[in-house]
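Novice: Chain order of the listed sequences is A and B. Every letter in the first sequence is one number past the one before it in the UniProt record's numbering, and letter 484, counting from 1, is 484. Every letter in the second sequence is one number past the one before it in the UniProt record's numbering, and letter 152, counting from 1, is 152. Please read through the structure below; I'll follow up with questions.
Protein chains: 2
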Amino acid sequence: MYRNLSRSLQTLHVCLLPKKGFTLPKTSVLNTLRPTSLSSSSRCLSTNSGFESEGSNQSRKSINYAAYASATGILAAGVAFVTWCVNKQEVAHCKQKRTPGSSVDKLPTYTTEDVRKHNSLKSRIWVTYKNGVYDVTDFVASHPGGDKIFLAAGKSLEPFFELYGIHKTKEVMEIVESLRIGNIYDTKPIKIEDAYKNDPERSMALTVNSEKPFNAEPPLSLLADTFLTPNSLFFVRNHLPVPVVDDKMLKTYQLEASVFDKQDTKPKHVKSLTLSDIKRLPKFEMDATMQCAGNRRKEMSQVKEVKGLSWNCGSISTAKWTGARLTDILKAMGFKDEDFNKKYIQFEGLDVDPTGTPYGSSIAMEKALDPNQCIMVAYEMNGLHTSKKLIIKFMILNYYNVLRTSAADHGFPLRLIIPGVVGARNVKWLKKIVLSDEESHSHWQRKDYKCFNPSVDFNTCDFDTAYAVQETPVQSVISEPSASSSVSADDGYVTVRGYAFSGGGRGIARVDLSLDGGETWLNAELDNNGQSPYKSWAWTLWEATVPIPKNKKKLDLVCKAVDSSHNVQPERIEGIWNLRGLLNNSWHRVSVKVEG
Amino acid sequence: MYRNLSRSLQTLHVCLLPKKGFTLPKTSVLNTLRPTSLSSSSRCLSTNSGFESEGSNQSRKSINYAAYASATGILAAGVAFVTWCVNKQEVAHCKQKRTPGSSVDKLPTYTTEDVRKHNSLKSRIWVTYKNGVYDVTDFVASHPGGDKIFLAAGKSLEPFFELYGIHKTKEVMEIVESLRIGNIYDTKPIKIEDAYKNDPERSMALTVNSEKPFNAEPPLSLLADTFLTPNSLFFVRNHLPVPVVDDKMLKTYQLEASVFDKQDTKPKHVKSLTLSDIKRLPKFEMDATMQCAGNRRKEMSQVKEVKGLSWNCGSISTAKWTGARLTDILKAMGFKDEDFNKKYIQFEGLDVDPTGTPYGSSIAMEKALDPNQCIMVAYEMNGLHTSKKLIIKFMILNYYNVLRTSAADHGFPLRLIIPGVVGARNVKWLKKIVLSDEESHSHWQRKDYKCFNPSVDFNTCDFDTAYAVQETPVQSVISEPSASSSVSADDGYVTVRGYAFSGGGRGIARVDLSLDGGETWLNAELDNNGQSPYKSWAWTLWEATVPIPKNKKKLDLVCKAVDSSHNVQPERIEGIWNLRGLLNNSWHRVSVKVEG
């Protein structure tokens, strides 16, 4: 269904993330429903509505629906009503008191046929949600996902909201209801297909941040226990439903690659390799840490709210990856030197959004071709073949769910591994490679995963000129003791442990630990598993056993790492705060009580 | 003379930088001269001495002459009485009131022959300074330069102090006088050869931090005017006298290379290339920024004193280097693959210390062999050949001094360029390459240019286990307006400019500028001269022209850069403070008055 919708809408383009956000125009259809002065507010405050109009006309005129660009990190392009952010103060007049989509007295009534006619900018764009009819025309220009908003034109929002469960927040529903124009006459329950019905089962040990799409992290207390993270505990960061890769598909599965120039109508030099072809290439094995750009977003939100999944410190894990080097694959495909003159190499996964657009990323060609960057396409994760044979073996051993997790959630049958680069570029379920002079057009490459200075908000951000996050900065975290724990003064000593990691293969030169909030420091013992400082693709675990200072009722533990380039973690979040809550690598602080 | 001294002392080794510093033992010869109780302090307080013994016996017992490891950045190994740091409180009883080296009444008198006999640990180590005789035996173990202290055993300190003029500070002389045991009988002025007599003339525009060895930086206001720094303004960081490279030497000059294992008595596989050989290799050209590890040390000292040259923000410059790739040179020399299995590649310059030990550095072999690291041996700097022919040409043009500067101060005839790596590893006057499983044994590789956590002092530092500084962290500086300047409110706008740079070839993704001390931020315009984010070997210049906020009496300008790995500069110096004052890359702050 999504694909059909997308075909008819492919040519429509609207401005993304406007600098000034979305302002309701005076001439809006909405104005026929929304009071232009306090005295007429009764029209909005219908008996059943529960809507309050607290604002003045002045405030309503300046409602800014600052586009929030998949700001949750989940929502992104791909669906019509991607999340958007709201200036809460300015829409305070529309505080929701009724159930979203319920009938509202004194509003016009429309049939589904009426709604269907309003499916373009010319005819205005109406959508439905349960019993409600909404005119979203004036929101279109502010929609972060651009033309994806047209997917629901003349139709119901419900399938899209179902796809991204996180849409169903109070804030989003307030926005939707602020665009209300009527009730639907012939409402009947819409049968919504669960796009996530084929998602695999997961370990119960994971802490779930979002069910649809699935995003979860291991408990911090388990994370740094082992150098390699067990597959069942490896954090999961999905942007879309897990694609189904069944036996039939596996038999014909091919990794495709081509060259594409802007002026081309179709890709050139199309090449492909089967899974068997790839497995016949020289085997390359590497321990590498994967880290989500949103790791530690929760702490950043505590300083000033950011939009996105509220990751704690666990959206980072390490695995031993086995596969073939990307350079070997490109060579085996038979590309010529001139093909490598392109500036970028784009990657696409099997996971697609409702328009059929795959998840995608890109990196600079010069990085892709550098053998020292160790970029690979993995078909094993921690020694577990993602093959049917092994699935059967593991089924017998009752490890079926564990393996399904590693195979399905982590990119079965092929995952791109760009070590030292933010997880979002490490495309899972890798299907396609494109050599191009342009960065990937994927929303996640161009309109997400970019940082801004702390003063930039969704009204002033310019994703087009911002630098796409690639390598990650130096990071360290205390995994033990936990913030809610206490230590016994009688023990005399406390053992503090954690992980440290830097992007680009840079090793960890030092981890400094403080027990007094950063007044004094000591060195932690490092275990980097023998990695070179220039190819430290995996984290360094660290530990320090230190005397508990006397007469202290609590310990203010702080850690900060120094990488092999002597880059350091920033002391405070304020200086690195950014609207998407990315790359929080500030000093990690954990306060624990001292008892006895 | 220095070489003779060194020969007889080569086998002596002492502990460097002891954890607990230097404690005067009770049984020291010094105790025969220094009171063990306040009541007998009169022995020290002789009429002419001017020495006061204010401390108790207790305090004297714990005098810690924490070794200070060439802490000035100049002093380093290489001479017997390298600078060392003093716990001022603890030596308060020895505050100097007399002229160092002057005769002290009631102390024994020795002949130079007496002194000469005390030239080993067994016979104890005596030295002279002018009229004074000193027993330095118990300081030996604490001496940062290790066995270099034996250079002066049984002899005068004066030639060494002359070599490193900065030794002649009040603090150092206090230490020396605290070791006083007598007067010299047959004193006569020692003729001291000026080791720096052959140093070139330099541009008067440079701000000199140290004359001997010569260390100077360009004025900050000129620094970011041009992408390439004129040779005459390029900062100069010399650790030793500039070696004389005359016509005769040039004719026979060869870059030597060999393999050396610990068990070897002499180097293996010795190879060499003449200058002509090197100039016949494929020409490699690169714009690269050189930065001293001590850049911005002055600011760090303002937070808490550090030892070293008080560099402002100008020990950084950029040049276009022309030469041959290191990998091409090694290949042309005919090394075999097994030679490259060594862990390190060591470099030595023509500049030698009084023992004949050259300045040296080393980097990991895997970095040296990576062509993407663009390591080269330069024979041109900003297009100026460092050849005699050109010197003559420029003499005619009266640019002689300018060229002499570039040729002599910057490594004529060959300089190693390891872009993105701290200046100290970019060996000047390159003479020798050694492939080895060990890091360079140079003092500057092993006992200097290493960072520690902010709580580590010279009593607790362990240079042996610390990580040698290589790539530098992200940096940015405001070059205009200057701190002492003012802007006119009538102008309406202020233009702020500066440089930004990160090590390892990482480009600059963003420079944030604040006018209000870091409360709010805006983006500066960047000019990186078209460099790739993965091979940004040179700095990025930046500029922002911004409205002067109304009703402000001063602007608290702050800049902070983000590199292509999203590493950031630390907000405060406190968290990166280190005893050697290295790698200060904290937010750069400049406050200017607003007039009118």
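Where is the CB? At the ideal position from N, CA and C, for every residue including glycine.
Unbroken beta strand (DSSP E) runs of length 3 or more, entirely within the stretch 523-585 of chain A: which are they?
Specialist: Listed in chain order, they are 525-527, 540-547 and 554-563.
Novice: So for V474(A), helix, strand or coil by DSSP?
Specialist: Your numbering for residue 474(A) matches position 474 in the first sequence. Coil at V474(A), not helix or strand.
Novice: Who are the Cβ neighbours of E113(A) in its own chain at under 7 Å, not counting the five residues just before and after it?
Specialist: Indexing the first sequence from 1 puts residue 113(A) at position 113. Answer for E113(A): no residue qualifies.
Novice: State the Cα-Cα distance for the pair M333(A) and K271(A), rounded to the nearest angstrom.
Specialist: Here residue 333(A) is taken as the residue at index 333 of the first sequence, counted from 1. Here residue 271(A) is taken as the residue at index 271 of the first sequence, counted from 1. If you take the alpha carbons of M333(A) and K271(A), they lie about 6 Å apart.
Novice: For chain B, find out if any of its Cβ atoms is closer than 8 Å to the Cβ of S532(A); answer yes or no.
Specialist: The residue you call residue 532(A) lines up with position 532 of the first sequence. With 8 Å as the cut-off, S532(A) counts as an interface residue toward chain B.
Novice: Just to make sure I have the definition right: I need the residues of chain B whose C-beta is within less than 7 Å of the C-beta of D370(A). Which are they?
Specialist: Here residue 370(A) corresponds to residue number 370 of the first sequence, with the count starting at 1. Near D370(A) (Cβ distances below 7 Å), the residues of chain B are N372.
Novice: I want to see whether chain A comes within less than 8 Å of G154(B), judged by CB atoms only; does it?
Specialist: Walking along the second sequence from the start, residue 154(B) turns up at place 154. Cβ-Cβ to chain A under 8 Å: no for G154(B).
Novice: Could you tell me if V244(B) is buried or exposed, where buried requires 16 or more neighbouring beta carbons within 10 angstroms of its beta carbon?
Specialist: Indexing the second sequence from 1 puts residue 244(B) at position 244. Exposed, since its Cβ has fewer than 16 Cβ neighbours within 10 Å.
Novice: In the DSSP assignment, what residue or residues form a beta bridge with V487(B)?
Specialist: Residue 487(B) sits at position 487 when you count from the first residue of the second sequence. V594(B).
Novice: Quick one: what does DSSP say R160(A) is sitting in, helix, strand or coil?
Specialist: Reading the first sequence from its first residue, position 160 is the one you call residue 160(A). Just to set this straight, residue 160(A) is Phe in the shown sequence, not Arg. It is helical.
Novice: Select from the stretch 485-516 of chain B all residues with a C-beta closer than 7 Å to any C-beta belonging to chain A, and list them in chain order.
Specialist: Flagged, chain order: G503, G504, A509, R510 and D512.
Novice: E256(A) bridges to which residues according to DSSP?
Specialist: To locate residue 256(A), count along the first sequence from 1; it is residue 256. DSSP output for E256(A) lists S272(A) and K432(A) as bridge partner(s).
Novice: With a cut-off of 8 Å on the beta carbons, I'd call T327(A) and L369(A) a contact; round off their distance for me.
Specialist: Locating residue 327(A) in the first sequence gives position 327, counting from the first residue. Locating residue 369(A) in the first sequence gives position 369, counting from the first residue. Indeed, because the Cβ distance is near 6 Å, the residues count as touching under 8 Å.
Novice: Contact defined as beta carbons within less than 8 Å: I believe M381(B) pairs with A319(B). What is the distance between those atoms, to the nearest angstrom?
Specialist: By 1-based counting over the second sequence, the position of residue 381(B) is 381. By 1-based counting over the second sequence, the position of residue 319(B) is 319. Confirmed, Cβ separation roughly 5 Å.
Novice: Just mark D464(B) as buried or exposed, buried being the case when its beta carbon has 16 or more other beta carbons within 10 Å.
Specialist: As a first step, residue 464(B) must be located in the second sequence, where it is residue number 464. By the 10 Å Cβ count, D464(B) comes out exposed.
Novice: Counting beta carbon pairs with one atom in the stretch 567-578 of chain A and one in the stretch 469-479 of chain A, are three or more of them shorter than 8 Å?
Specialist: Contact between the stretch 469-479 of chain A and the stretch 567-578 of chain A is present, because at least three Cβ pairs lie under 8 Å.
Novice: Given that R572(B) touches chain A, what residues does it touch there, using C-beta distances under 7 Å?
Specialist: Taking the second sequence and counting its residues from 1, the one referred to as residue 572(B) is at position 572. Those within 7 Å of R572(B) in chain A are E571.
Novice: Name the residue from G308(B), T274(B), T229(B) and A288(B) whose alpha carbon lies nearest to the alpha carbon of residue 619(B).
Specialist: As shown, chain B starts at 1 and ends at 596. That puts residue 619(B) outside it, with no answer to give.
Novice: Would you identify the three-state DSSP class for H588(B), choosing helix, strand or coil?
Specialist: Within the second sequence, the letter at position 588 stands for residue 588(B). Correct three-state label for H588(B): strand.
Novice: Quick one: grab the DSSP three-state call for L38(A).
Specialist: Walking along the first sequence from the start, residue 38(A) turns up at place 38. Unreliable positioning characterises L38(A) in this predicted model, as indicated by a pLDDT of 31, which lies under 50. The coordinate reading is nonetheless provided below. In the structure shown, L38(A) sits in a helix (DSSP, three-state: H, G or I).
Novice: L582(B) to T207(B), Cα distance in whole Å?
Specialist: Position 582 of the second sequence holds residue 582(B). Position 207 of the second sequence holds residue 207(B). The straight-line gap from Cα to Cα measures roughly 20 Å.
Novice: For L557(A), go through chain B and note every residue whose CB falls closer than 7 Å to its CB, in chain order.
Specialist: Looking up residue 557(A) in the first sequence gives position 557. The premise fails here: L557(A) is roughly 15 Å from chain B at the closest Cβ pair, so nothing lies under 7 Å.
Novice: Below 8 Å between beta carbons: does that hold for W587(A) and G518(A)?
Specialist: Along the first sequence, read from residue 1 onward, the residue named residue 587(A) stands at position 587. Along the first sequence, read from residue 1 onward, the residue named residue 518(A) stands at position 518. Yes. Within cutoff.
Novice: In chain order, which continuous runs of the beta strand (DSSP E) of length 3 or greater are located wholly inside the stretch 268-341 of chain B?
Specialist: Here the runs fully enclosed are 268-274, 284-291 and 316-325.
Novice: Which residues in chain B have a C-beta closer than 8 Å to the C-beta of G575(A)? List them in chain order.
Specialist: Residue 575(A) sits at position 575 when you count from the first residue of the first sequence. Ordered by position in chain B, the residues that pass the 8 Å Cβ test against G575(A) are G518, K560, V568, E571 and W587.
Novice: Round the Cβ separation of A561(B) and V494(B) to the nearest angstrom and send it over; I've been treating them as touching at under 8 Å.
Specialist: Counting from 1 along the second sequence, the entry for residue 561(B) is found at position 561. Counting from 1 along the second sequence, the entry for residue 494(B) is found at position 494. With 8 Å as the limit, A561(B) and V494(B) do not qualify as a contact, their Cβ atoms being about 19 Å apart.
Novice: For I175(B), which of helix, strand or coil comes out of DSSP?
Specialist: To locate residue 175(B), count along the second sequence from 1; it is residue 175. The answer is helix: DSSP assigns I175(B) an H, G or I state.
Novice: Quick one: which chain B residues come within Cβ less than 9 Å of K307(A)?
Specialist: As a first step, residue 307(A) must be located in the first sequence, where it is residue number 307. Neighbours of K307(A) on chain B: none; closest Cβ ~19 Å, over 9 Å.
Novice: What in chain B is Cβ-close to C451(A), meaning under 9 Å?
Specialist: Mapped onto the first sequence, residue 451(A) falls at position 451. Correct list: A509, R510, V562 and H566.
Novice: Does the beta-carbon of E348(B) have 16 or more other beta-carbons within 10 angstroms, so that it is buried, or is it exposed?
Specialist: By one-based count along the second sequence, residue 348(B) stands at place 348. Per the 10 Å Cβ criterion, buried.
Novice: For chain B, check one thing: does any of its Cβ atoms lie closer than 8 Å to the Cβ of P473(A)?
Specialist: Translated into positions along the first sequence, residue 473(A) becomes position 473. Output row for P473(A): interface = yes.
Novice: Touching or not, the stretch 336-354 of chain A and the stretch 435-452 of chain A, by the rule of three or more beta carbon pairs under 8 Å?
Specialist: Taking 8 Å as the limit for Cβ pairs, the verdict is that the stretch 435-452 of chain A does touch the stretch 336-354 of chain A.
Novice: Just the C-alpha distance for E285(A) and G356(A), rounded to the nearest angstrom, thanks.
Specialist: Against the first sequence, residue 285(A) aligns to sequence position 285. Against the first sequence, residue 356(A) aligns to sequence position 356. Their Cα atoms are separated by approximately 33 Å.
Novice: From S156(B) to K106(B), what distance separates their C-alpha atoms?
Specialist: Here residue 156(B) refers to the residue found at position 156 of the second sequence. Here residue 106(B) refers to the residue found at position 106 of the second sequence. Roughly 22 Å between the two C-alpha positions.
Novice: Out of I576(A), V592(A), S591(A) and K593(A), point me to the one whose CA is closest to M300(A)'s CA.
Specialist: Sequence index remark: in the first sequence, residue 300(A) carries index 300 (1-based). With distances taken between Cα atoms, M300(A) lies closest to I576(A).
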